[in-house]
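See structure below.
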Amino acid sequence: MTEVERLSNENYLESIRIHAGFQTPCEVQDRDGILLVAGASNFPGSYWNAAARNHLCVKPKDMDEAARAFFAPRKRMFTFSVIEKQDRDLEEYLLANGYETRFEIPCMLVTKPLAPREMPDGVRIESMQTAKHLEDFVEISVLAYALLGLPEVHTRAMFSKPEAMLGKDVIGYIAYRGETPLATAIVLTTGECAGLYWIGTRPDAQRLGLAALLTVHSTNAAFCAGAKVVTLQASKFGEPVYRRLGYETSDKLRRYGPSKL
Numbered sequence: 631m632t633e634v635e636r637l638s639n640e641n642y643l644e645s646i647r648i649h650a651g652f653q654t655p656c657e658v659q660d661r662d663g664i665l666l667v668a669g670a671s672n673f674p675g676s677y678w679n680a681a682a683r684n685h686l687c688v689k690p691k692d693m694d695e696a697a698r699a700f701f702a703p704r705k706r707m708f709t710f711s712v713i714e715k716q717d718r719d720l721e722e723y724l725l726a727n728g729y730e731t732r733f734e735i736p737c738m739l740v741t742k743p744l745a746p747r748e749m750p751d752g753v754r755i756e757s758m759q760t761a762k763h764l765e766d767f768v769e770i771s772v773l774a775y776a777l778l779g780l781p782e783v784h785t786r787a788m789f790s791k792p793e794a795m796l797g798k799d800v801i802g803y804i805a806y807r808g809e810t811p812l813a814t815a816i817v818l819t820t821g822e823c824a825g826l827y828w829i830g831t832r833p834d835a836q837r838l839g840l841a842a843l844l845t846v847h848s849t850n851a852a853f854c855a856g857a858k859v860v861t862l863q864a865s866k867f868g869e870p871v872y873r874r875l876g877y878e879t880s881d882k883l884r885r886y887g888p889s890k891l
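Written as C-alpha cells, this is what we have:
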C-alpha cells in the first residue's frame, strides 16, 4: 500500500465518524479497533448502520462478533466496508460466513490540482456557511440521490443534524443560478488528505457540467488548503466523469451485509 493510498483509506474511515455526527439520534461504539455506528434510520448503508475496522490487527471473527452484538439488540441490519488491498482477510471471512455483497465502487484519487473549468453563464459557487445553505444542500441531495435509488427518508435522516456540516473539518459548496441551488459537494479533511462526498446535481440541472465543475472546484480548494491527496468513491454515473477530469482508480471498496442477524 502506498502512502497516498493509506491516506485515502484513513479518510474514508474517518468519513464514517464524521457522517455519524451529521445524524440524530446516532449511537457510536468506537473501541478495540472496531467502529460501529447505528444512525438515524434503519437503512443498512455504510453511513447509517456501519461496521468498519480501525486497525488491521483486529481479527475478522472479532469484528463479526462485535457487530452482531451491537446491531442485533437494535434490530438493525448493517454494512461492513471492505477496502480490497488492505482488507483481504476480512473479505474472505465475510464471504465464508454468510455475508452478501451489497455493491462495489472504485476508490479514486488525485495528487495534483485539476485543470480549471469554465463557469457556465449565470452560475456561481458559494461556500456553505448559513442555515439556508444547509437547507439547500439537503434538498439537492434528496433529489440527486433519489436517482441512485436512495429514498428521501434516509437522505433526510443522514442530515438530521445539519449544523454539524459547518464543522472545521467539513467544507461544503453549492452551485447556484440566481437563487436556485443546482449542485453540491462537501469536502471532509483528515490531516494530509481531503475526501469529496455527496457530489450531486438536481435532476433539472443535469448535463450542464455542474458535477465536474464542483469536483474541480472542491479538489483544487483542498490542495490550496494543504492536502497531499484528494480522494473520492465513485458511483457508476460519476466514475467516467472523474476519470476524464484526472482522477485515477487506486482501489475498490466493497460493502457486505449479513443475510440475517
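According to our numbering, the residues represented by the sequence shown are 631 to 891, in order.
The beta-carbon is built from N, C-alpha and C at its ideal position, and this holds for glycine as well.
Counting the other Cβ atoms within 10 Å of the Cβ of Ala702 gives fewer than 16, which makes it exposed. Asn641 counts as buried, since no fewer than 16 other beta carbons sit within 10 angstroms of its beta carbon. For the options Tyr827, Val772 and Ala813, the alpha carbon positioned closest to that of Met795 is the one of Tyr827. A distance below 6 Å between beta-carbons, with the five flanking residues on each side excluded, links Ser771 to the following residues of its chain, in chain order: Thr785, Trp828 and Gly830. About 7 Å separates the beta carbons of Leu891 and Arg698, which is inside the 8 Å limit, making them a contact pair. Approximately 13 Å separates the beta-carbon atoms of Ala815 and Tyr806; this is outside 8 Å, ruling out the contact. For Val817 against Leu739, the beta-carbon gap comes to about 14 Å, at or over 8 Å, which does not count as contact.
Non-local beta-carbon contacts of Leu778 in its own chain, meaning distances under 8 Å to residues more than five positions away in sequence, involve Ser865 and Phe867 in chain order. When rounded, the separation of the alpha-carbon atoms in Gly752 and Thr654 is 37 Å. In the DSSP assignment, Met693 falls within the alpha helix (DSSP H) that extends over Pro690 to Phe701. Secondary structure at Thr654: coil, using DSSP grouped into helix, strand and coil.
Taking all protein chains in view, the Cβ of Ala841 is crowded by 16 or more other Cβ atoms within 10 Å, so the residue is classified as buried.
In the three-state DSSP reduction, Asn639 falls in the helix class (H, G or I). With contact defined as three or more Cβ pairs closer than 8 Å, the segment 647 to 661 and the segment 873 to 890 are not in contact. Taking C-beta atoms under 8 Å as the contact rule, Tyr872 and Val712 fail to qualify, at a distance of about 21 Å.
Ala680 is a Cβ neighbour of Phe708, given a cutoff of 8 Å.
Judged by DSSP secondary structure, Phe767 falls within the alpha helix (DSSP H) whose first and last residues are Ala761 to Ala776. For the set Met749, Pro792, Glu714 and Lys705, the Cα lying nearest the Cα of Phe733 is the one of Glu714.
For Cys687, the three-state secondary structure derived from DSSP is coil.
Annotation: Asp717 is outside any beta strand (DSSP E) and is labelled neither H nor E by DSSP. For Ala726 and Asp660, the gap between their C-alpha atoms comes out near 26 Å. Beyond the five residues adjoining it in sequence on each side, Ala855 comes within less than 6 Å, by CB distance, of no other residue in the same chain. Note: Ser711 is bridge-paired with Arg885 in the DSSP secondary-structure output. Distance from the Cα of Lys689 is smallest, within the candidate group Glu721, Tyr677 and Pro674, for Glu721.
By the criterion of a C-beta distance shorter than 7 Å, Lys705 is surrounded by no residue of its chain, once the five residues flanking it on both sides are discounted. By the neighbour-count criterion, in which 16 or more other beta carbons inside 10 Å mark a residue as buried, Asp694 falls on the buried side. Close CB contacts of Leu773 within its chain, under the 7 Å cut and outside five residues either way in sequence, are with Arg832 and Pro833 (chain order). The C-beta of Asp881 has 16 or more other C-beta atoms within 10 Å across all chains shown, which makes the residue buried.
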